[in-house]
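The block underneath contains the structure these notes are about, expressed in structure tokens.
Residue numbers (this note's numbering): 42 to 129.
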């Protein structure tokens, strides 16, 4: 999987958030992972708004980006943000 870390995206309603990891799976679909350091670590206020909006409406990479996820890259609607937490 092609993946990059720490990519800033903006939603259609102009909420900005930084993604821990974004990549493409074997079929070319965008995959986004958010890593939390504990089982109870909360999402930031912007993440609480941005993650559902990315799923509903998509988003755009802002700034320089990295690799294929350069500034202006479009994240399609329907892309889920998977929250990954350590096992208990």
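Think of the CB as a built atom: it goes at the ideal place given N, C-alpha and C, for glycine as much as any other residue.
Checklist entry - residue 73: which of 93, 127 and 81 sits nearest, CA to CA? => result Stepping through the chain shown from its first residue, residue 73 is reached at position 32. Closest option to residue 73, Cα to Cα, is 93.
Item to check | Beta-carbon contacts of residue 121 that lie in its chain and below 6 Å, excluding the five residues immediately before and after | outcome: What you label residue 121 is simply residue 80 of the chain shown in a count that begins at 1. If we look at residue 121 and ignore the five residues flanking it on each side, its Cβ neighbours are 96.
Item to check | Classification of residue 125 by the beta-carbon crowding that lies within 10 angstroms, buried from 16 upward | outcome: Here residue 125 refers to the residue found at position 84 of the chain shown. It is exposed - the Cβ of residue 125 has fewer than 16 other Cβ atoms within 10 Å.
Next on the checklist: Per DSSP, what are the beta-bridge partners of residue 59 in this structure?
Outcome noted: Translated into positions along the chain shown, residue 59 becomes position 18. In DSSP, residue 59 forms a bridge with 49.
Checklist entry - Given a threshold of 16 other Cβ atoms within 10 Å of its Cβ, counted over all protein chains shown, does residue 58 qualify as buried or as exposed? => result Locating residue 58 in the chain shown gives position 17, counting from the first residue. Per the 10 Å Cβ criterion, buried.
Checklist entry - To the nearest angstrom, how far is it from the Cα of residue 89 to the Cα of residue 83? => result Start at 1 with the first residue of the chain shown, and residue 89 comes out as number 48. Start at 1 with the first residue of the chain shown, and residue 83 comes out as number 42. Looking at the two C-alpha atoms, the distance is approximately 9 Å.
Item to check | Run of the alpha helix (DSSP H) containing residue 95, from where it starts to where it stops | outcome: Translated into the one-based positions of the chain shown, residue 95 becomes position 54. Segment 86-98, the alpha helix (DSSP H) holding residue 95.
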